[in-house]
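Step one of this worksheet: look at the structure below.
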Amino acid sequence: MQLVWFRDDLRVHDHPALFAAAQRGEPVVALYIASPQQWQLHDCGPRKAQWHYANVQALREALAGLGIPLTVWRCEHFDDIPARLGALCNEAGIGAVHCHHGLGVNERALEQKLADQLPVPLHRYADANLVDYSAITTGQGGLYQVFTPFARRCRQWMAPPQPLPAPEPQAAQPPLQADDAWSETVDLLWPAGEQAAARTLARFCQQRLSAYHDDRDWPAKAGTSALSPYFAAGVLSPRQAAHALSQQADGEGAQSWLNELLWREFYRYLLYHHARLSRHDALFPAKEARWEANDEWLRRWQQGRTGFPLVDAGMRQLNATGWMHNRVRMLCASFLVKDLHIDWRLGEAYFMQQLVDGDLASNNGGWQWAAGCGADAAPYFRSFSPYRQSERFDPDGDYIRQWVPELAEVPARQLHKGGPFLLAPDYPAPMVDHKAQTARFTAQFKQQMEETRHAS
DNA sequence: AGTTACTTGGC
DNA sequence: CCAAGTAAC
Numbered sequence: 015m016q017l018v019w020f021r022d023d024l025r026v027h028d029h030p031a032l033f034a035a036a037q038r039g040e041p042v043v044a045l046y047i048a049s050p051q052q053w054q055l056h057d058c059g060p061r062k063a064q065w066h067y068a069n070v071q072a073l074r075e076a077l078a079g080l081g082i083p084l085t086v087w088r089c090e091h092f093d094d095i096p097a098r099l100g101a102l103c104n105e106a107g108i109g110a111v112h113c114h115h116g117l118g119v120n121e122r123a124l125e126q127k128l129a130d131q132l133p134v135p136l137h138r139y140a141d142a143n144l145v146d147y148s149a150i151t152t153g154q155g156g157l158y159q160v161f162t163p164f165a166r167r168c169r170q171w172m173a174p175p176q177p178l179p180a181p182e183p184q185a186a187q188p189p190l191q192a193d194d195a196w197s198e199t200v201d202l203l204w205p206a207g208e209q210a211a212a213r214t215l216a217r218f219c220q221q222r223l224s225a226y227h228d229d230r231d232w233p234a235k236a237g238t239s240a241l242s243p244y245f246a247a248g249v250l251s252p253r254q255a256a257h258a259l260s261q262q263a264d265g266e267g268a269q270s271w272l273n274e275l276l277w278r279e280f281y282r283y284l285l286y287h288h289a290r291l292s293r294h295d296a297l298f299p300a301k302e303a304r305w306e307a308n309d310e311w312l313r314r315w316q317q318g319r320t321g322f323p324l325v326d327a328g329m330r331q332l333n334a335t336g337w338m339h340n341r342v343r344m345l346c347a348s349f350l351v352k353d354l355h356i357d358w359r360l361g362e363a364y365f366m367q368q369l370v371d372g373d374l375a376s377n378n379g380g381w382q383w384a385a386g387c388g389a390d391a392a393p394y395f396r397s398f399s400p401y402r403q404s405e406r407f408d409p410d411g412d413y414i415r416q417w418v419p420e421l422a423e424v425p426a427r428q429l430h431k432g433g434p435f436l437l438a439p440d441y442p443a444p445m446v447d448h449k450a451q452t453a454r455f456t457a458q459f460k461q462q463m464e465e466t467r468h469a470s
């Protein structure tokens, strides 16, 4: 009997580990382990737990249709897993355990422990990535540190995406054991499961892809794919996405979306090669600014009470739904770092706690980009202007008014010029002077560079 | 995956 | 005058 261990790969199609296990010609059984306290240490919030829960239920049904029983355990910490899994292998006569490579340090450490301690072999497979991370190197054999050349190389190397089918149905097996108690009250905007993901993907490709290049930057429009929660839980694989993309006519929209898929690959590639990133180390520590602790400012940013309409709209969308439009994520991140001078790790943690699509690699990569200490980082002097961004991307103020109802009466022109607003007495005045704060950041950083230059 | 000031070349 | 391009931050 072969055991497939599911983690953030909650699907039956294009699942290398499941496919390989089924190839063995023995009955296949499946296991999922909820680890709430361990997840909390990873800044995983209630929404992501809910999202995993809902998708595990959908996975159970999909697996049942293939005759594969899913057992769900609850082990609060990763440390609880090796002994229990070892015992199961002995009791149930498991011949081998199959899973995908994890990217976080704790996930990798657990895999290593299992590989060392289980009474049976642990087979690990690359998840259905678009490229082989270990094979992508620069001409000099080094690692890419800038997105554009990385993406160029990927486009050259990318095999035509061929997603694997779900395994052939087997004679239904009895469940290994009764499930542990684990339940969540699911209150999310996304329907769970592979079928919902496939429908969303198909609709996006047919209806929105051709306009994606133009529409994706307008937070008031439904111009993005909205697939990120499915990617984060592995309900949809990037190969399935790239395959659907390859069935569509090429054009600006298709190229832009492929680029976004490759940004995701780039951040996973970085984490694959630099495991310390998952301990929140900067990729380039020398490029860290001097962060200033300010709990009151952090709280105002988190609550969407900064007095900058587009920033507040984004943070309130995040708090209300667990999702924020990407354009606004970049602005909110830039604001925390460049205007409030608060450590990007606090922003990274807050996003992770709130996001339904929270993904270690993408979230960390995005924050380090914004903070200027990561790969392909925004230079220290580059900061988003909250006013300029709303003028360009929310010209009518529709997005702002949707999430900040106090501003309903304020004309768009005023919103882009900045408050305080006479027509919105309940809305706070801007908490800082944007120009002065970004200038201070730049000056501070320059001085710091001077000091390190003298010191060396 | 930015913003700004300045230049240039068109009308 | 404006649009597009460029350099610098």
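Plus 14 on top of the position in the first sequence (first one is 1) and you've got my numbering.
Just so you know, even glycine gets a beta-carbon here, dropped at the ideal spot from N, CA and C.
On a predicted model such as this, the values are computed, not experimentally measured, just so you know.
Cβ-based burial, residue i [other Cβ within 10 Å; buried from 16]
i    : result
K449 : exposed
D371 : buried
F164 : buried
P181 : buried
K62  : buried
W417 : buried
M463 : exposed
R415 : buried
S470 : exposed
E75  : exposed
W171 : exposed
V70  : buried
Q461 : exposed
S397 : buried
A36  : buried
H468 : exposed
V496 : Since the first residue shown for the chain is 15 and the last is 470, residue 496 is missing from the structure and cannot be characterised.
R213 : exposed
E310 : exposed
T152 : exposed
T199 : exposed
Q176 : exposed
A149 : exposed
F395 : exposed
D357 : buried
S197 : exposed
Reference residue i; option with closest CA among the options
i    : options                   : result
T185 : F459, Q176 and P83        : The question names Thr, but residue 185 is Ala in the sequence shown. When each option's Cα is compared against that of A185, the closest is P83.
A195 : A469, A44, E423 and T85   : T85
A375 : L332, H287 and Q461       : H287
L132 : T152, H115, N143 and C103 : C103
M366 : G386, M329 and R402       : M329
W381 : Y158, G156, S197 and L291 : L291
T238 : A216, Q209, W271 and P400 : W271
Y364 : H468, C58, Y139 and R427  : C58
L128 : P96, K460 and H114        : P96
L190 : D410, A142, P425 and L45  : L45
N143 : H257, D264 and G361       : H257
Y401 : A453, F395 and L345       : L345
V145 : K235, Q187 and R282       : R282
P409 : I150, V119, D231 and A31  : D231
H27  : T162, Q54 and P183        : P183
L259 : F280, P205 and L223       : L223
P205 : Y67, D93 and W315         : Y67
Q187 : Y158, E40 and D94         : E40
G118 : R406, D193, P434 and L285 : L285
Inter-residue CB distance, residue i and residue j (contact presumed, cutoff 8 Å)
i    : j    : result
F269 : C219 : Inspection of the sequence shows that residue 269 is occupied by Gln rather than by Phe. Rounded, the Cβ-Cβ distance is 14 Å, inconsistent with contact.
L73  : L17  : With 8 Å as the limit, L73 and L17 do not qualify as a contact, their Cβ atoms being about 15 Å apart.
L178 : F33  : 5 Å
R122 : A289 : 6 Å
Q64  : E90  : At roughly 18 Å, the Cβ-Cβ gap does not stay under 8 Å, so Q64 and E90 are not in contact.
D244 : A211 : For clarity, residue 244 is Tyr in the given sequence; the question names Asp instead. Correct: roughly 4 Å between the Cβ atoms.
A480 : R88  : Residue 480 lies beyond the residue range present for the chain, which begins at 15 and ends at 470; the question has no answer from this structure.
M15  : A106 : 7 Å
G336 : L369 : 6 Å
Y413 : A327 : 6 Å
N340 : E362 : About 16 Å separates the two Cβ atoms, so there is no contact after all.
Three CB pairs or more closer than 8 Å across the segment 233-253 and the segment 350-358: The segment 233-253 vs the segment 350-358: no contact.
Which residue spans inside the segment 105-164 form an unbroken alpha helix (DSSP H) run of at least 4? Runs found: 119-131.
Complete alpha helix (DSSP H) runs within the segment 226-282 (minimum length 4 residues, chain order): Correct list: 242-246 and 252-260.
Can you check the segment 334-420 for any alpha helix (DSSP H) of at least 4 residues that lies completely inside it and give the ranges in chain order? Unbroken alpha helix (DSSP H) stretches of 4 residues or longer found wholly inside the segment 334-420: 340-348, 358-368, 374-385, 400-407 and 412-417, given in chain order.
Which runs of the beta strand (DSSP E), 3 residues or longer, sit entirely within the segment 55-98? List check, beta strand (DSSP E) in window: 84-88.
Are at least three pairs of beta-carbons, each pair with one atom in the segment 434-447 and one in the segment 304-323, less than 8 Å apart? Yes: the two stretches touch, three or more of their Cβ pairs being nearer than 8 Å.
Are three or more beta carbon pairs between the segment 293-305 and the segment 385-393 nearer than 8 Å? Enough Cβ pairs lie closer than 8 Å, so yes.
Within the chosen definition, does the segment 106-119 reach the segment 133-143 through at least 3 CB pairs nearer than 8 Å? With a cut-off of 8 Å, the segment 133-143 and the segment 106-119 count as touching, because enough Cβ pairs lie within range.
Complete runs of the alpha helix (DSSP H) confined to the segment 163-224 [at least 4 residues]: Listed in chain order, they are 208-217.
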